[in-house]
Amino acid sequence: MWYISYWLFPLVAACVWLATLIVLLVRWKIDGSPAYPSMEPGQSIAYISDVAAQGLKPLFVAGCAVSSVFFVLAFISERWLRHKYRLVPNRGVYDKTLSLLAILFSMVGAAGLILLAHFDTLKHSRLHGGFLIMFIGGYLLSALFICLEYLRLGVEYKEHKIIFMSFLVKVFFILVELALAIAYKVLGKRRRTRDTAAIIEWVVAFIFALYVLSFVVDLFPAVKSKDHIPQGERSRAMAQTSSSLESGSYPSTQPRLSQEAQLATDQMVDVGATYRGRVGDGTRMPAATYNPHTYRQTPLS
C-alpha cells in the first residue's frame, strides 16, 4: 500500500516531538507558570528541561527516544533508497560519504537528546548542559553534511526541482538554528536575559520539528518507484559496432540498442507517473524485466 512507506519515519518523529513539546508547554501553563526549583533566580519562563524535570520526566524521555530513533531511521532510509535506486542515486564515493556522515552525526545528536532527557537539569545540571551541546552540535553537523549531499544531487539532477528546494530548506535550518543556538548560549549566561533564552529554546525546538518534517518530502518520491523503474535512472543507449549498425543486425553477444521511457520528475504532484518499460527496436519491455545493475537487457520472446 502506497501510504505505508519510509516517509512515515520522519513523520512519526516530528509528530511525537511536537506532541511532547505541546504537552510540556500546556502542563506549565495549567500549573500557573510556576517557578520551578531548577530555574535560576530572576527567571520566570521555564526551559523545556525545567518543565520535564517536574513529574513529566518519563514522558520527556520516551518522547525524545522515539523521536530520535525514528529520525535516525529516516537518515538511514534516505541512504538505502538511493543505494537501491528508489531515489535518485548518489553519483560517487564523495556523495555517499556525505550521506554516511549525516547518518553518523544524526546518531550523535540522537544520543545527546536521549541523554539530556534522562539527566535532567534539576539533579544533573552539568551533564544536562553537556548533552545539550552534543544534541545541537550533532544535528547541526548532520544537517550540514546532508545539505552538501543535496547540493550535489541538485546540480546533478536539475530536472528534479524538489531536491534543490529541500536543499534550501536545510540551509535555512542550519543558518537559523545556528544563530538561535548562539543567542541562546549568550543570553542564558546573563541573569536579565534568561527569560529570552528560554523563549529561544522553545522556538529552536519547534523549528527542529519543521526540519524533521522536511524529510517527508525527501522520502515520499520513493512511493512512486516502489514497483517501477529506479527513480532518476538516466537513458542508456548502448553503442553498437559500426558493422552491426550498417548491417542492421544485432549479434547475440551484443546488447540491443534501447532507451528508457521518460519518467516524470520528483514533484509530488506526479504520483500517478508509471514506468512504461524499455523501448528498443519497436519492442517494449515491461518494468519487471529491467535490471538497473546490468547493461544487458533480454527482450521478451
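Positions in the sequence shown are counted from 1; adding 1341 to them yields the numbering used here.
For each residue, glycine too, the CB sits at the ideal point set by N, CA and C.
Backbone secondary structure at residue i - three-state DSSP
i            : result
residue 1524 : helix
residue 1379 : coil
residue 1429 : coil
residue 1500 : coil
residue 1374 : coil
residue 1348 : coil
residue 1465 : coil
residue 1491 : helix
residue 1484 : helix
residue 1398 : helix
residue 1388 : coil
residue 1565 : coil
residue 1446 : helix
residue 1505 : helix
Exposure label - residue i; buried when at least 16 CB within 10 Å
i            : result
residue 1424 : exposed
residue 1516 : exposed
residue 1510 : buried
residue 1499 : exposed
residue 1529 : buried
residue 1466 : exposed
residue 1434 : exposed
residue 1399 : exposed
residue 1403 : exposed
residue 1371 : exposed
residue 1562 : buried
residue 1507 : buried
residue 1547 : exposed
Given residue i as reference, the closest of the options once Cα atoms are compared
i            : options                   : result
residue 1415 : 1525, 1484 and 1535       : 1484
residue 1382 : 1405, 1422, 1550 and 1533 : 1533
residue 1405 : 1355, 1438 and 1446       : 1355
residue 1480 : 1447, 1501, 1503 and 1463 : 1447
residue 1392 : 1537, 1462 and 1476       : 1462
residue 1556 : 1542, 1450, 1518 and 1488 : 1488
residue 1560 : 1430, 1522 and 1452       : 1430
residue 1544 : 1351, 1363 and 1349       : 1363
residue 1401 : 1353, 1460, 1513 and 1537 : 1460
residue 1439 : 1420, 1536, 1513 and 1512 : 1420
residue 1410 : 1454, 1492, 1537 and 1490 : 1454
residue 1350 : 1412, 1540, 1374 and 1458 : 1412
residue 1513 : 1449, 1474, 1551 and 1442 : 1551
For residue j and residue i, the rounded distance between their alpha carbons
i            : j            : result
residue 1357 : residue 1407 : 7 Å
residue 1469 : residue 1368 : 21 Å
residue 1531 : residue 1390 : 18 Å
residue 1553 : residue 1380 : 29 Å
residue 1565 : residue 1495 : 19 Å
residue 1526 : residue 1520 : 10 Å
residue 1444 : residue 1366 : 30 Å
residue 1376 : residue 1388 : 10 Å
residue 1396 : residue 1524 : 29 Å
residue 1549 : residue 1359 : 9 Å
residue 1394 : residue 1386 : 15 Å
residue 1417 : residue 1464 : 34 Å
residue 1353 : residue 1361 : 12 Å
residue 1497 : residue 1346 : 26 Å
residue 1539 : residue 1378 : 15 Å
residue 1471 : residue 1504 : 34 Å
Contact test: residue i Cβ vs the ligand HEM heavy atom, cutoff 7 Å
i            : result
residue 1472 : Judged by which ligands are present, the structure shown has none, so any question about the ligand HEM falls away.
- Message: In chain order, what are the residue ranges of uninterrupted alpha helix (DSSP H) at least 4 long that sit wholly in the stretch 1511-1561?
- Response: 1535-1560
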